[in-house]
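Enquirer: What follows is a structure written as structure tokens; I'll ask about it next.
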Amino acid sequence: MIEFFQAIADPAVVATVLRVMTPLLLAALGVLISDRAGVLNIGMEGIMLSGALIGVLVSAATANPFLGLFAALIGGGMLGALMALFINGLGTQFIITGIALNMAALAATTLGLFLATGDKGMSGALQSGVLPNIDIPLLGGIPVLGPLLSGHHMLTYVAILAVPTVAIMLARTPFGLHIRAVGSDPKAAAAAGVSRNRVQFHALTLSGVFGGAAGAYLSMGYVSWFAQNMTAGRGFIALAAEVMGMGTAWGTFAAAAVLGIAETVAITMQTKGLPNELMQMIPYIVPAVMLTVYAARRQAKARSNS
Amino acid sequence: MAEGPIVSFRQVGKTYPNGTVALTDASFDIRRGSIHAICGENGAGKSTLMKILFGLESPSAGQVFIDGAAADTATPDFAGKHGIGMVHQHFSLVPILTVTENIILGHEPRSSIFIDRTKARRQVVELSERFDLAVDPDARTDTLSVAAQQKVEILKALSRDTRLLILDEPTAVLSPPEIEELFNRLRDLRAAGMTILFISHKLHEVRALAETVTVLRAGKVVGTTPLAEVDDAEITRMVMGRDVDVPRRQRQTTSAPVVLELAKVSTRSHDPADRIEDISLSIRADEIVGIAGVDGSGQRGLVSVLSGLMHPASGSIRLSGADMSRAAAPAWRKAGLAYLPADRYAQGGTASLSLADNAIAGTDGDKALQWGPFLRRGAIRQRVQQMIADYAVRAGGTGERLDSLSGGNAQKLIAARELAGSPKLLIADQPTRGVDVAAAALLHGRIDQAARNGAAVLLITADLDELLRLADRVLVLFNGRIVADLANHAGLTPAALGPYMLGLEKAS
Numbered sequence: 022m023i024e025f026f027q028a029i030a031d032p033a034v035v036a037t038v039l040r041v042m043t044p045l046l047l048a049a050l051g052v053l054i055s056d057r058a059g060v061l062n063i064g065m066e067g068i069m070l071s072g073a074l075i076g077v078l079v080s081a082a083t084a085n086p087f088l089g090l091f092a093a094l095i096g097g098g099m100l101g102a103l104m105a106l107f108i109n110g111l112g113t114q115f116i117i118t119g120i121a122l123n124m125a126a127l128a129a130t131t132l133g134l135f136l137a138t139g140d141k142g143m144s145g146a147l148q149s150g151v152l153p154n155i156d157i158p159l160l161g162g163i164p165v166l167g168p169l170l171s172g173h174h175m176l177t178y179v180a181i182l183a184v185p186t187v188a189i190m191l192a193r194t195p196f197g198l199h200i201r202a203v204g205s206d207p208k209a210a211a212a213a214g215v216s217r218n219r220v221q222f223h224a225l226t227l228s229g230v231f232g233g234a235a236g237a238y239l240s241m242g243y244v245s246w247f248a249q250n251m252t253a254g255r256g257f258i259a260l261a262a263e264v265m266g267m268g269t270a271w272g273t274f275a276a277a278a279v280l281g282i283a284e285t286v287a288i289t290m291q292t293k294g295l296p297n298e299l300m301q302m303i304p305y306i307v308p309a310v311m312l313t314v315y316a317a318r319r320q321a322k323a324r325s326n327s
Numbered sequence: 041m042a043e044g045p046i047v048s049f050r051q052v053g054k055t056y057p058n059g060t061v062a063l064t065d066a067s068f069d070i071r072r073g074s075i076h077a078i079c080g081e082n083g084a085g086k087s088t089l090m091k092i093l094f095g096l097e098s099p100s101a102g103q104v105f106i107d108g109a110a111a112d113t114a115t116p117d118f119a120g121k122h123g124i125g126m127v128h129q130h131f132s133l134v135p136i137l138t139v140t141e142n143i144i145l146g147h148e149p150r151s152s153i154f155i156d157r158t159k160a161r162r163q164v165v166e167l168s169e170r171f172d173l174a175v176d177p178d179a180r181t182d183t184l185s186v187a188a189q190q191k192v193e194i195l196k197a198l199s200r201d202t203r204l205l206i207l208d209e210p211t212a213v214l215s216p217p218e219i220e221e222l223f224n225r226l227r228d229l230r231a232a233g234m235t236i237l238f239i240s241h242k243l244h245e246v247r248a249l250a251e252t253v254t255v256l257r258a259g260k261v262v263g264t265t266p267l268a269e270v271d272d273a274e275i276t277r278m279v280m281g282r283d284v285d286v287p288r289r290q291r292q293t294t295s296a297p298v299v300l301e302l303a304k305v306s307t308r309s310h311d312p313a314d315r316i317e318d319i320s321l322s323i324r325a326d327e328i329v330g331i332a333g334v335d336g337s338g339q340r341g342l343v344s345v346l347s348g349l350m351h352p353a354s355g356s357i358r359l360s361g362a363d364m365s366r367a368a369a370p371a372w373r374k375a376g377l378a379y380l381p382a383d384r385y386a387q388g389g390t391a392s393l394s395l396a397d398n399a400i401a402g403t404d405g406d407k408a409l410q411w412g413p414f415l416r417r418g419a420i421r422q423r424v425q426q427m428i429a430d431y432a433v434r435a436g437g438t439g440e441r442l443d444s445l446s447g448g449n450a451q452k453l454i455a456a457r458e459l460a461g462s463p464k465l466l467i468a469d470q471p472t473r474g475v476d477v478a479a480a481a482l483l484h485g486r487i488d489q490a491a492r493n494g495a496a497v498l499l500i501t502a503d504l505d506e507l508l509r510l511a512d513r514v515l516v517l518f519n520g521r522i523v524a525d526l527a528n529h530a531g532l533t534p535a536a537l538g539p540y541m542l543g544l545e546k547a548s
């Protein structure tokens, strides 16, 4: 047990957990905003993948990783807005729209990568930048705590600060109130003069910006290149994290942390000589088990209530 | 404050794009600071009138004057600009939000980018104290009782400097003490200068609350009159229309065996349309029993327990002597039920399937139409063509979609299917609603024929002419109970049914 806590307090382990958690948390918060507005962003995977490529291409072209990040945010937001136009403007079904975006994004990013580098697999030939880690002055100097809290990737801090921001946005701002109203009962919201189309457009756009940030982190922080299908299902794991978080920002944070720990365990076990393929299943099994437990408990609760 | 009526309708008409005439030449005034009731049957034009006044629809003829000035209807924020609030029959509250959040939704007080929660809460508390409508501002709306939710709905309607409050059938969901409480609050509102428009088809409520009543019938204003100057019989006559005698059906025999028998059947439901209480009735072969009653008086509950869609909470149902109280829909069908549902595209048939598919639905196991697991397409086409010819269905071919037919032709096809064979019990729920005269005459003939062939028929209809034309006996439902059981004879008129339907009288 003591060993376990020592292992957890190890700055290297904490850093790994935060590293794998960051893209999940950013994406899951994006999913949360869309879900509360009643249009679950199934296209998160595709938006992340697009954000990852856009970040690499723009940072390579401008030699400025911040411009790359900015472009990834804009690109993600535009894809979210595009989904809203399809769903609310043309009346497409939101799940199908999301799946279509995911499939299109996989093909389009591969094509884009090939056009830019002549390689369909990796962007290694491009001189793309990396977003910096941030050393927090003073805090970094404190023993034990300092190395745990300081020196992480800038988007990791952004992701963690985004949790209370999204929570407050939903609970305390008119926009958040409109999102909750539209997501719960669009007709009643319309009767009060709140337009479902407008609110869902804004929510999906914002959701896309979060997806763009998650993607930029993957290609400009987690690693320093773009690879074909590099999201590897993280957009879907983010969907699971949002469901496990029961539609709240703090719950989503907790779920993303659990998934981050699960993936860290998987990575650590691989280095201990356990079969790779088996360990790679862990990040996918954990959400499946947790969702099952959650569903079973909710059913038991519903039974005991009736 | 300006003098004169707060609202004047002048020759207001509304014809919908599909040709439905909902309102013609409606003219009347609503006096400032009064409670004004609007009375009329379903489809009389009440809701169209309200939609125009609330700015949801624009009239196709005539004008609405507010404070004496011609108003531009159906503009965004029409209601807000003129201080008109509406409490809908079905509440428009978001269940997961708190009472405060629901009331401020759409016009939140702000401080910088945030909702000013202190101010919002204070607004709600002030509103609630001013109008003496006690609510917990922090409660989640879906934890409140229906009566409390209605208070929230009223506060929401009052929250934007409202001068005219429209209430659409506000008592339908309330218990008698809650109704008394609501009426007291509405009287207080009037005393405070509010004008209230009260829509109801319960006459004793109108009389208890309002000073003036406008009666609508078939899209026309029959009259606007102070309630002090008319008696109930007069209003009833205005609501039901003048007496015209209709030709009635003649039974061959009155001694045929009893087919359907209900004893003290009750259902439990929060929806009044599904709630019936202590219903006892029996129908013989070759007998048509008609059910009259304003919409939502329990008709849907009655039909549901007689087709296996709902089970009674107590009481017994027997069909030809067999106990059917717990029988599911397939068992009812097997026992010889034929059913013409009120909604012919949702329940009567499948809108997107072909006429042939719709016409043979429910015949599975019919050897003439099947060869092993396969359908015999030729035999099916032949049979369906025969049905189309027999019932004079105007259709291009058996492969057309059901929803390509007009309402009357779709209903004829469904009747052809249901009346094939010889049903023991026929339930016809609004069989000719929205159907043209020729199709209605054909359907009436077939329903009569089914009874002659030995079926017990339960006819539920809002069309009182149809009721008197076909029924041998008329039962009136009010609040889920049978309040009258009348033999249909030449003297029975719609006006005679009125007092029972409006809950003024009881007889059985």
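Going down the list, the sequences are from chains A and B.
Using the numbering used here, the first residue of the first sequence is number 22, and each one after it goes up by one.
Using the numbering used here, the first residue of the second sequence is number 41, and each one after it goes up by one.
Just so you know, even glycine gets a beta-carbon here, dropped at the ideal spot from N, CA and C.
The structure presented is a predicted model; accordingly, all values stated were derived computationally and were not measured.
Please check if any C-beta of chain B sits within less than 8 Å of the C-beta of S327(A).
Expert: The predicted model places S327(A) with a pLDDT of 48, which falls under 50 and marks its position as unreliable, so this point remains unresolved.
Enquirer: Taking only three categories from DSSP, how would you classify T158(B)?
Expert: It is helical.
Enquirer: Evaluate the contact criterion for the segment 504-518 of chain B versus the segment 318-333 of chain B: three or more CB pairs, one atom per stretch, below 8 Å.
Expert: Because the criterion of three Cβ pairs below 8 Å is met, the segment 504-518 of chain B and the segment 318-333 of chain B touch.
Enquirer: Mind checking whether A502(B) and Q470(B) have CB atoms under 8 Å apart?
Expert: Yes.
Enquirer: Please identify, using Cβ separations under 8 Å, the residues of the segment 151-167 of chain B that lie next to chain A, in order along the chain.
Expert: So the list reads I153, F154, I155, R157, given in the order they occur along the chain.
Enquirer: Out of R492(B), S347(B), K452(B), K159(B), which one is the CA nearest neighbour of A481(B)?
Expert: When only C-alpha atoms are compared, the closest one is K452(B).
Enquirer: When you check each C-beta in the segment 177-207 of chain A against every C-beta of chain B, which residues fall closer than 7 Å?
Expert: Answer in chain order: R193, T194, P195, L198, R201, A202, S205, D206.
Enquirer: I'd like the list of long-range same chain contacts for G172(A), defined as Cβ closer than 6 Å, with 5 residues on each side in sequence excluded.
Expert: Within the same chain, G172(A) has close Cβ partners N154, D156.
Enquirer: Could you have a look at W372(B) and say whether DSSP puts it in helix, strand or coil?
Expert: Reduced to three states, the DSSP call for W372(B) is helix.
Enquirer: For P32(A), which three-state DSSP category applies?
Expert: Helix at P32(A).
Enquirer: If you drop the 5 nearest sequence neighbours on each side, which residues of the same chain put their C-beta closer than 8 Å to that of L380(B)?
Expert: Taken in chain order, the residues that qualify are G388, Q451, I454, A455, E458, L466, I467, A468, D469, P471.
Enquirer: The segment 120-139 of chain B: which residues have C-beta closer than 7 Å to a C-beta of chain A, in chain order?
Expert: Residues passing the 7 Å Cβ filter: S132, L133, V134, P135, I136, L137.
Enquirer: With a cut-off of 8 Å, does the C-beta of G146(B) fall near any C-beta of chain A?
Expert: Yes, because at least one Cβ of chain A sits closer than 8 Å to the Cβ of G146(B).
Enquirer: Tell me, please, whether the CB atom of G272(A) is closer than 8 Å to any CB atom in chain B?
Expert: By this cut-off, G272(A) is not an interface position.
Enquirer: Which residue from H199(A), G59(A), G150(A), I181(A) puts its Cα closest to that of I75(A)?
Expert: For the residues H199(A), G59(A), G150(A), I181(A), the minimum Cα distance to I75(A) belongs to G150(A).
Enquirer: Just tell me which of R230(B), F171(B), L222(B) has its CA closest to the CA of G73(B).
Expert: If we check each option's Cα against that of G73(B), R230(B) comes out closest.
Enquirer: Mind pulling the chain B residues with CB within less than 8 Å of V215(A)?
Expert: L145, G146, listed in chain order.
Enquirer: Using C-beta distances below 7 Å, list every residue in its chain close to I316(B), excluding the 5 sequence neighbours before and after it, in chain order.
Expert: Cβ within range, chain order: V305, S306, T307, G338, G341, L342, G520.
Enquirer: If you follow the beta strand (DSSP E) that H76(B) is in, where does it begin and where does it stop?
Expert: Where H76(B) is concerned, the enclosing beta strand (DSSP E) stretches over 75-79.
Enquirer: Taking CB distances under 8 Å as the criterion, tell me whether E141(B) reaches chain A.
Expert: Yes, E141(B) lies at the interface with chain A (some Cβ there is under 8 Å from its Cβ).
Enquirer: Hey, A313(B) and G355(B) are a contact pair by Cβ (cut 8 Å); roughly how many whole angstroms apart?
Expert: Not really, about 18 Å apart at Cβ, beyond 8 Å.
Enquirer: So is Q129(B) buried or exposed if we call it buried at 16+ other beta carbons inside 10 Å?
Expert: It is exposed - the Cβ of Q129(B) has fewer than 16 other Cβ atoms within 10 Å.
Enquirer: Which runs of the alpha helix (DSSP H), 4 residues or longer, sit entirely within the segment 380-407 of chain B?
Expert: You should have 395-400.
Enquirer: Measuring CB to CB, does L312(A) end up less than 8 Å from M265(A)?
Expert: Cβ atoms of L312(A) and M265(A): closer than 8 Å.
Enquirer: Between the Cα of H147(B) and the Cα atoms of M175(A), F196(A), V179(A), which residue gives the shortest distance?
Expert: The candidate whose alpha carbon is nearest that of H147(B) is F196(A).
Enquirer: Determine, using beta carbons only, whether A80(B) and R257(B) come nearer to each other than 8 Å.
Expert: Residue 80(B) is actually Gly in this sequence, not Ala. Yes, they are a contact pair.
Enquirer: L415(B) by DSSP, collapsed to three states: which one?
Expert: Correct three-state label for L415(B): strand.
Enquirer: Does the separation of the CB atoms of A224(A) and L50(A) fall below 8 Å?
Expert: No, the Cβ-Cβ distance between A224(A) and L50(A) is not below 8 Å.
Enquirer: Are G232(A) and G97(A) closer than 8 Å when you measure CB to CB?
Expert: Yes. Within cutoff.
Enquirer: Classify K54(B) as helix, strand or coil using the three-state DSSP reduction.
Expert: Residue state, collapsed to three classes: strand.
Enquirer: Taking 8 Å as the threshold (beta carbon to beta carbon), is A58(A) in contact with chain B?
Expert: So, not an interface residue.
Enquirer: Indicate whether at least one CB of chain B lies closer than 8 Å to the CB of Q114(A).
Expert: Taking Cβ atoms only, chain B never reaches closer than 8 Å to Q114(A), which makes this a no.
Enquirer: Taking F271(B) as the reference, which of K260(B), V253(B), D228(B) has the closest Cα?
Expert: The amino acid at residue 271(B) is misidentified as Phe; the sequence shows Asp. For the residues K260(B), V253(B), D228(B), the minimum Cα distance to D271(B) belongs to V253(B).
Enquirer: Between which two residues does the alpha helix (DSSP H) carrying I18(A) extend?
Expert: Beyond the ends of chain A as shown, which are 22 and 327, falls residue 18(A); an answer cannot be given.
Enquirer: In the DSSP assignment, what are the bridge partners of G263(B)?
Expert: According to DSSP, which records beta bridges pairwise, G263(B) is partnered with V255(B).
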